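As structure tokens, the structure follows; a few thoughts come after it.
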Amino acid sequence: MAYEERFGFIFCESVEAGVATYIPTPQAAHANMRFADRLNALRAAALMTIVATRLANAAGQIDIMCSETPQEATLAINSNSASYKCSRGQEDHTNLDGGFFQVRIGVSKVTLDLQYSPITSLNFLASNGSPTLNYTDSLNFANWDKLTNLAFEGVEFAPATVNLSLPSAITEIHFINSKLSDLSLTNEAQSLTTIDLGTTSVENFPKILYERRWTSTMGNITVDLSGINKTTMTEEQFNNLKANLETLSTQDWAQNYQCTNQTSGSSKMTILECNSPSSSGSESPSLQSHNSTLGSGSSSSSGSSDVSVGDDSSSGISTGALVAIIVVVVVIVVILAVLILRMHSKRKATNANGHNNDATATLMSKGDAAAAEKGSFISNDEFLRNFRLPQSDVALVKSQGTGRLWMGEYNGNKVMVKRVESEVTDSYVTKALMAQSRTFATISHPNITSLVGVTWLAGTDFAVVTEYMDKGNLKTVLSNTDVDLDMTTKLEMCCDVALALAYLHETEQNLCAKQLSSHKVLVNKGLTCKLSLFECVPSSAKLGGPSSTTTYSYGMGEVAWLPPEIITRSSPMDARKNNIYAFGVLVSEIFTRVSPYQSLVEAMGNTMSDVELVQRVRRQDPLIPHENRQEFLATPPSVRRMVEQCLSYAPMSRPTAKELVQILHNAKEELATNSI
1 MAYEERFGFI FCESVEAGVA TYIPTPQAAH ANMRFADRLN ALRAAALMTI VATRLANAAG
61 QIDIMCSETP QEATLAINSN SASYKCSRGQ EDHTNLDGGF FQVRIGVSKV TLDLQYSPIT
121 SLNFLASNGS PTLNYTDSLN FANWDKLTNL AFEGVEFAPA TVNLSLPSAI TEIHFINSKL
181 SDLSLTNEAQ SLTTIDLGTT SVENFPKILY ERRWTSTMGN ITVDLSGINK TTMTEEQFNN
241 LKANLETLST QDWAQNYQCT NQTSGSSKMT ILECNSPSSS GSESPSLQSH NSTLGSGSSS
301 SSGSSDVSVG DDSSSGISTG ALVAIIVVVV VIVVILAVLI LRMHSKRKAT NANGHNNDAT
361 ATLMSKGDAA AAEKGSFISN DEFLRNFRLP QSDVALVKSQ GTGRLWMGEY NGNKVMVKRV
421 ESEVTDSYVT KALMAQSRTF ATISHPNITS LVGVTWLAGT DFAVVTEYMD KGNLKTVLSN
481 TDVDLDMTTK LEMCCDVALA LAYLHETEQN LCAKQLSSHK VLVNKGLTCK LSLFECVPSS
541 AKLGGPSSTT TYSYGMGEVA WLPPEIITRS SPMDARKNNI YAFGVLVSEI FTRVSPYQSL
601 VEAMGNTMSD VELVQRVRRQ DPLIPHENRQ EFLATPPSVR RMVEQCLSYA PMSRPTAKEL
661 VQILHNAKEE LATNSI
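Residue 550 in UniProt numbering sits at position 550 of the sequence shown, and the numbers go up by one each step.
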């Protein structure tokens, strides 16, 4: 029996193995549920994770609505039109001109009659509940030769195992917040680069991962493997899965789940057991192999798709393996007991001091010797000791939307406090914030919020205290119609941010703004703009370049601020040039006082407008976040040209931050001269 490790999956193979079965153990299922919870938490702010459905300018739509029960209809799509008919006779139709087409489903069940259509992008969207799409044999789009993008959002399928036939032109398919048992592609779509199941419930180990071998042209397969039922594979399919793990090794599904397999000699079946990385409670979990041979009583006959593992399966585990398992369990129990005891002790101490009933929470000084020893790596940092504030002088007043950012008070003045807590984070997170604070200590500019100091408390709790800005972020100020902003003030705001960027880009540390947007620029009572100190990072910090596996949330207004080279993952990347692109978007927002691409958002919604922006970038359409609104056209010509240069597809064609300062300074002088 041979073992090999492949990108998070451990395979234990038998030469005799004829089929492979994926079956999660109760422990693995629990671990996968925990991992799914973490994924859902990361996605909670967005309705979906990456959709790339193509939207053409000539968009069309049909709304399926039936006034009488049963709420069922038949939808027919052909070369000229899309029409539906309810079971009680109500019907409607719309003509097709190609391009993007959306089907909004407001009934419980729709039977599909799909003929040829020149549509390039098709989206099925549930507008009421979770409707079922009913079809015969397979969802057949094979002869839709113009179709490049296909999406299903909020729907279920009958049959639940979806067999999908695709045309050769298709590039992307998306299942968003939907439900299906399995997904299989009945033909090979040579242009396909994206399969998205990330927010969709899938019951079985999806066939798309093992029914064929993918090449490196498959850009991304997104799927949540938590809660997967047992699934049987043939030897060929098992080999396909391993080959895909090799070819697509950088993708999340290949990295985020650890799988072992066990071979039953009697049934010649290979059983895969998968755990999520969170099962060990570590950020970098170790891989383990359970090398047990299942007896005949623990599996079904060869070729069966239903494999059960009962109590008898433990009889095949060697004594050494059993002892190792017991030791691991005991260690885990001891660690959990220690953590629970510490948390309980900390709560008792907090209650004893009466902090549960206080309106404000005061950062407390370090306590016993054990806590002091744990926090020694903080207190021994000589550089940070120069910026240390007495803990008793810093109070937390109000959370600012996240558990780490607070409005606070220091010596009677308002401050911003960013902290990490020992009970919910490890020392790595604390050390990372400490490293950031060392960088913050070197930054001093009138248009960047200043560092007040740092403080720490018992254990590894650590906090950074910065200047407080009374009017909040720039986004809030721009949307407040009670705040009067004339042309001169808007130019001053733009110049404030440009000065901050010029300072960062010229520092010895080669700093930049991590994610420049109107949410990251803060404003004081005098309407002076300052870049948040917490956004200042070294340019070498990972910002979502081509080697990053980061995916950006659609529907959250982030896409408008991303330069084309990040969306297309082209190279080379320059964080400073990324800042200049975002600055062009920021200037557009300052002068129009509306969000970037506001008209597009109003017409298509937050999510689909982001999808359209991605497609515009891929087509290299002109990028116009200000949408040529009258307020923007009233700005000095030099400012309009500057924005156009900032939004260039070619990073090297964008001006430097110092050039931005000069352009804006000249524009202010020109405006002052003309007003005399």
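Note that CB positions come from ideal geometry on N, CA and C, so glycine has one too.
Remember, predicted model here, so these are calculated numbers, not experimental data.
Proximity to residue i [Cα-Cα], best of the options
i           : options            : result
residue 388 : 434, 152, 205      : 434
residue 138 : 111, 117, 127, 120 : 111
residue 67  : 77, 81, 85         : 85
residue 400 : 417, 143, 327      : 417
residue 677 : 413, 189, 162      : Residue numbering for the chain in the displayed model covers 1 to 676; residue 677 lies beyond these limits and cannot be assessed.
residue 206 : 212, 394, 183, 539 : 183
residue 62  : 69, 88, 100        : 100
residue 638 : 658, 656, 670, 629 : 670
residue 114 : 69, 514, 136, 476  : 136
residue 514 : 538, 241, 644, 149 : 538
residue 534 : 483, 467, 554, 575 : 467
residue 219 : 175, 210, 419, 171 : 171
residue 382 : 645, 438, 407      : 438
residue 404 : 385, 413, 429      : 429
residue 246 : 72, 213, 232       : 213
residue 664 : 493, 608, 505, 563 : 493
residue 411 : 176, 390, 419, 585 : 390
Residue interval of the beta strand (DSSP E) (run including residue i)
i           : result
residue 538 : 536–538
residue 406 : 405–410
residue 416 : 413–420
residue 133 : 132–134
residue 503 : Not the beta strand (DSSP E): residue 503 falls in the alpha helix (DSSP H), residues 487–505.
residue 174 : 172–176
residue 188 : Element bounds for residue 188: n/a, residue is neither H nor E.
residue 151 : 149–153
residue 394 : 394–399
residue 195 : 194–197
residue 597 : Element bounds for residue 597: n/a, residue is neither H nor E.
Residue i in three-state terms, based on DSSP
i           : result
residue 97  : coil
residue 158 : strand
residue 60  : strand
residue 223 : strand
residue 124 : strand
residue 554 : strand
residue 76  : strand
residue 607 : helix
residue 355 : For residue 355, the pLDDT reaches just 38, beneath the cut-off of 50, and the residue's location in the model is therefore unreliable, although a value from the coordinates is still provided. DSSP places residue 355 in helix when its eight states are reduced to three.
residue 439 : helix
residue 119 : strand
residue 576 : helix
residue 111 : strand
residue 513 : strand
residue 90  : coil
residue 634 : coil
residue 146 : coil
residue 388 : strand
residue 560 : helix
residue 102 : strand
residue 433 : helix
residue 613 : helix
residue 285 : For residue 285, the predicted structure reports a pLDDT of 30, less than 50, and the residue's modelled location is therefore unreliable. A value from the coordinates is still provided. Coil, per DSSP.
Where the alpha helix (DSSP H) through residue i begins and ends
i           : result
residue 658 : 657–675
residue 522 : Not the alpha helix (DSSP H): residue 522 falls in the beta strand (DSSP E), residues 521–523.
residue 638 : 637–646
residue 166 : Looking at the DSSP string, residue 166 is not in any alpha helix (DSSP H), and its letter there is neither H nor E.
residue 384 : 382–385
**Asked** Would you say the stretch 598–612 touches the stretch 569–582, given that touching needs at least three Cβ pairs under 8 Å?
**Response** Touching, no.
**Request:** Count the C-beta pairs between the stretch 218–228 and the stretch 188–205 that are closer than 8 Å, then say yes if the count reaches three, no if not.
**Result:** In this structure the stretch 218–228 touches the stretch 188–205; the number of beta carbon pairs closer than 8 Å is three or more.
**Touch test, the stretch 608–619 against the stretch 551–568, Cβ-Cβ under 8 Å, three pairs minimum** = The answer is yes - the stretch 551–568 touches the stretch 608–619, with three or more Cβ pairs under 8 Å.
**Message:** Quick check on the DSSP output: what are the complete alpha helix (DSSP H) runs of length 4 or more inside the stretch 448–484, in order along the chain?
**Reply:** Within the stretch 448–484, the complete alpha helix (DSSP H) runs of at least 4 residues are 474–479.
**Prompt:** Do the stretch 494–512 and the stretch 622–630 touch if we need at least three Cβ pairs shorter than 8 Å?
**Reply:** In this structure the stretch 494–512 does not lie against the stretch 622–630, because fewer than three pairs of beta carbons, one per stretch, are closer than 8 Å.
**Prompt:** Do the stretch 115–130 and the stretch 139–159 touch if we need at least three Cβ pairs shorter than 8 Å?
**Reply:** Counting Cβ pairs under 8 Å, three or more are found: they touch.
**Message:** Quick check for students: name the residue ranges of the beta strand (DSSP E) that lie wholly in the stretch 203–252, counting only runs of 3 or more.
**Reply:** Counting whole runs of 3 or more residues, the stretch 203–252 contains the beta strand (DSSP E) stretches 220–223, 231–234.
**Asked** Do the stretch 514–525 and the stretch 582–599 touch if we need at least three Cβ pairs shorter than 8 Å?
**Response** Put simply, the stretch 514–525 touches the stretch 582–599. At least three CB pairs are less than 8 Å apart.
**Message:** Measuring CB atoms only, is the stretch 480–500 touching the stretch 437–448, in the sense that at least three cross pairs come out at less than 8 Å?
**Reply:** They touch, by the three-pair rule.
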